[in-house]
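Accompanying notes for the structure given below.
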Amino acid sequence: MIIPFDSIDEETLQSLVESFVLREGTDYGEVEIGLQEKVEQIIEQLRSGDIVIEYSEEHESVNIIEKP
Numbered sequence: 002m003i004i005p006f007d008s009i010d011e012e013t014l015q016s017l018v019e020s021f022v023l024r025e026g027t028d029y030g031e032v033e034i035g036l037q038e039k040v041e042q043i044i045e046q047l048r049s050g051d052i053v054i055e056y057s058e059e060h061e062s063v064n065i066i067e068k069p
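Numbering-wise, my numbering comes out as the position in the sequence shown, counting from 1, plus 1.
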């Protein structure tokens with residue numbers, strides 16, 4: 002099930018995106034990108050609709066995925 006990012010409390014969204022960024026690793030190429038900058042990039046991708054927040058009822062988990 003897709004969860005609209007703007008329906009999530011701002012603090013909760015920040016924590017969700019931080020968790021996603023830390024889980025995905027830190028290899029950003031030649032230039033190291035800080036956590037906050039990467040979080041801002043992910044939130045911008047959510048706003049643009051390139052990625053979405055998905056809730057899996059089966060696994061009772063939340064993930065950020067490319068828009069299907």
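Even glycine gets a Cβ: it sits at the ideal position worked out from N, Cα and C. Since we're looking at a predicted model, the values are computed, not measured.
| Query | Result |
| --- | --- |
| How would you label Leu17, buried or exposed, when you count the other beta carbons within 10 angstroms and need 16 or more for buried? | buried |
| Checking the sheet assignment: what are the DSSP bridge partners for Ser57? | Ser62 |
| Let me make sure I understand the geometry here. Which of Pro69, Lys68, Glu58 and Arg48 has the alpha-carbon closest to that of Ile9? | Arg48 |
| Could you give the distance in angstroms between the alpha-carbon of Ile4 and the alpha-carbon of Gly35? | 26 Å |
| Can you round the beta-carbon distance between Ile43 and Glu67 to whole angstroms, since I take them to be within the 8 Å contact cut? | 12 Å between Cβ atoms; not a contact. |
| Looking at Glu59: is its Cβ nearer than 8 Å to the Cβ of Met2? | no |
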